[in-house]
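Residue numbers (UniProt numbering): 1 to 314. Cβ atoms here follow ideal geometry from the backbone N, Cα and C, with glycine treated the same way. Please read these numbers as outputs of a predicted model, since none were measured by experiment. Working notes for the structure below.
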């Protein structure tokens, strides 16, 4: 084990992010001068982290951030620290959206970029979902851009899905704006469809530069979802009863009677062609369904007319 300031392979450490997990540094590989990002967090337990296991399973997959090195060190308080070294990326999709809105409020992202970013996110998810890996915190902040190519990152909340009936997942995942209704309903029987919901929200945000469901509370979040999707039908509620407690569904059944909104009304028609708006709205609606099994898969979404002819960076 080695302390950070004694690590011979990396130099020029600079903090670029932090959170409950620890810190992220930008550094330089000493031998090559290649910039890297190093995520440092305290080691807990005797096993390697779930994030490390997921990243190892996704090694070499396109549109996924790549782990290039991993080592342990000891901090000044003699705590064991795990260091995950990643390829360095230029910026996040969140920064792209915010910079565009701040510098050019009247300018919107080119439709070609929207399509390519969306398809590359879905391509990364397709590889994850084929291995039964769910990200569980997909949002613009966790989608990095390197030389114009999407790299899904931050697998700290991700996991391999356990199909055992006895296994229960925590519903307290995914940032609120991108949280699927089954999570807000506190269901612990969810699957990859929560990632698809998040992509639908992200696609809307790429087109409009604003979040689709910016509710401050979970109650407001469900109300905003109902305003867009329309209230769940009896068929929706029946299907949801397999994964959500009936008492929760009864509250929804009594509280809301709202029609589905035409998403085209929220898109900036003057900025994009009518055909693109039509197809984008259709794809978003196919991703945002009350019932998880009714949502398109990542592969199906990639083959949707809105994205089918779009080339991606591999």
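- Between residue 122 and residue 199 a beta carbon distance of about 6 Å is seen, short of the 8 Å cut, so the two are scored as contacting.
- With respect to residue 124, residue 62 sits close: the two C-beta atoms are nearer than 8 Å.
- Judged by DSSP secondary structure, residue 219 falls within the alpha helix (DSSP H) whose first and last residues are 218-229.
- Looking at the DSSP output, residue 27 shares a beta bridge with 36.
- If you draw a 10 Å sphere on the C-beta of residue 118, you find 16 or more other C-beta atoms in it, and that means buried.
- If you draw a 10 Å sphere on the C-beta of residue 84, you find 16 or more other C-beta atoms in it, and that means buried.
- By a beta-carbon distance limit of 8 Å, residue 35 does not contact residue 43. Their separation comes to about 25 Å.
- Per DSSP, residue 185 lies in no alpha helix (DSSP H) and is assigned neither H nor E.
- Look at the beta carbons and you see the region 225-240 touching the region 250-269: at least three pairs across the two are nearer than 8 Å.
- Secondary structure at residue 155: coil, using DSSP grouped into helix, strand and coil.
- Note that the C-beta distance between residue 55 and residue 160 is not below 8 Å.
- Counting along the chain, residue 200 sits inside no beta strand (DSSP E); it lies in the alpha helix (DSSP H) bounded by residues 193-208.
- At least 8 Å separates the beta-carbon of residue 81 from that of residue 134.
- One alpha carbon belongs to residue 265, the other to residue 107, and they sit about 18 Å apart.
- Unbroken alpha helix (DSSP H) runs of no fewer than 4 residues, entirely contained in the region 69-115, are found at 93-103, following chain order.
- Cβ-Cβ distances below 7 Å link residue 314 to 62 in the same chain, with the five nearest sequence neighbours on each side left out; the list follows chain order.
- By the CB criterion at 8 Å, residue 68 and residue 52 fall outside the cutoff.
- Within the same chain, 177 come within 7 Å of residue 214 by CB-CB distance, once the 5 residues on both sides are set aside.
- If the five residues before and after residue 305 are omitted, its C-beta is found closer than 7 Å to the C-beta atoms of 279, all from its own chain and listed in chain order.
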